[in-house]
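So the structure is just underneath, and the comments pick up after that.
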Amino acid sequence: MIDRLLFILGEALTALRRNLGMTFAAVSTVALSLFVLGGLGLAYLAVAGYARTLPGRFEMRAYLK
(Lines of atoms letter the chains of each structure in order from A and count residues from 1; the text may use other names and numbers.)
(Lines give C-alpha, C1' and ligand atoms only; values in the text may rest on other atoms or scores of the structure.)
Protein backbone atom coordinates (compact mmCIF):
# COMPACT_ATOMS: atom_id res chain seq x y z
CA MET A 1 0.00 0.00 0.00
CA ILE A 2 2.82 2.41 0.90
CA ASP A 3 4.59 1.42 -2.33
CA ARG A 4 1.60 2.54 -4.38
CA LEU A 5 1.38 5.83 -2.52
CA LEU A 6 5.08 6.53 -3.04
CA PHE A 7 4.79 5.59 -6.73
CA ILE A 8 1.81 7.90 -7.25
CA LEU A 9 3.53 10.73 -5.39
CA GLY A 10 6.70 10.25 -7.43
CA GLU A 11 4.79 10.25 -10.71
CA ALA A 12 2.90 13.39 -9.68
CA LEU A 13 6.12 15.22 -8.89
CA THR A 14 7.67 14.07 -12.17
CA ALA A 15 4.64 15.34 -14.09
CA LEU A 16 4.81 18.67 -12.25
CA ARG A 17 8.46 19.07 -13.20
CA ARG A 18 7.86 18.16 -16.84
CA ASN A 19 4.95 20.57 -17.21
CA LEU A 20 6.33 23.46 -15.22
CA GLY A 21 4.61 26.13 -17.32
CA MET A 22 1.16 24.59 -16.97
CA THR A 23 1.74 24.00 -13.26
CA PHE A 24 2.63 27.66 -12.78
CA ALA A 25 -0.39 28.75 -14.84
CA ALA A 26 -2.76 26.58 -12.80
CA VAL A 27 -1.37 27.64 -9.42
CA SER A 28 -1.32 31.33 -10.34
CA THR A 29 -4.89 31.15 -11.68
CA VAL A 30 -6.14 29.59 -8.45
CA ALA A 31 -4.20 32.13 -6.36
CA LEU A 32 -5.59 35.05 -8.36
CA SER A 33 -9.12 33.67 -8.12
CA LEU A 34 -8.85 33.32 -4.34
CA PHE A 35 -7.43 36.83 -4.07
CA VAL A 36 -10.33 38.29 -6.07
CA LEU A 37 -12.85 36.25 -4.08
CA GLY A 38 -11.36 37.53 -0.81
CA GLY A 39 -11.45 41.12 -2.07
CA LEU A 40 -15.09 40.78 -3.07
CA GLY A 41 -15.88 39.26 0.32
CA LEU A 42 -14.26 42.20 2.10
CA ALA A 43 -16.11 44.66 -0.12
CA TYR A 44 -19.40 42.91 0.62
CA LEU A 45 -18.78 43.07 4.36
CA ALA A 46 -17.91 46.77 4.14
CA VAL A 47 -21.03 47.61 2.12
CA ALA A 48 -23.25 45.50 4.39
CA GLY A 49 -21.84 47.26 7.46
CA TYR A 50 -22.45 50.66 5.90
CA ALA A 51 -25.99 49.66 4.91
CA ARG A 52 -26.76 48.69 8.52
CA THR A 53 -25.91 52.22 9.68
CA LEU A 54 -28.10 53.99 7.10
CA PRO A 55 -31.55 53.53 8.69
CA GLY A 56 -30.46 55.39 11.83
CA ARG A 57 -29.15 58.38 9.86
CA PHE A 58 -32.41 59.52 8.31
CA GLU A 59 -35.44 61.03 9.96
CA MET A 60 -38.77 61.76 8.33
CA ARG A 61 -41.49 64.06 9.57
CA ALA A 62 -44.96 64.29 8.10
CA TYR A 63 -47.18 67.23 8.90
CA LEU A 64 -50.86 66.53 8.58
CA LYS A 65 -53.52 69.19 8.28
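130 is the number of the first residue of the sequence shown in our numbering; add one for each residue after it. For every residue, glycine included, the Cβ atom is placed at its ideal position computed from N, Cα and C. Note that the structure is predicted; figures quoted are calculated from it, not measured.
What's the C-alpha gap between residue i and residue j?
i           : j           : result
residue 194 : residue 175 : 42 Å
residue 182 : residue 160 : 34 Å
residue 155 : residue 167 : 18 Å
residue 157 : residue 139 : 23 Å
residue 189 : residue 179 : 20 Å
residue 172 : residue 164 : 12 Å
residue 131 : residue 170 : 41 Å
What are the boundary residues of the alpha helix (DSSP H) that includes residue i?
i           : result
residue 147 : 131–147
Measure the beta-carbon distance from residue i to residue j and round it to whole angstroms, keeping in mind my assumption that it falls under 8 Å.
i           : j           : result
residue 152 : residue 142 : Actually they do not touch by this definition, with Cβ atoms about 11 Å apart.
Can a CB atom of chain D be found closer than 9 Å to the CB of residue i?
i           : result
residue 138 : Any reference to chain D falls outside this structure, which holds one protein chain only.
DSSP state of residue i, grouped into three classes?
i           : result
residue 190 : coil
residue 185 : coil
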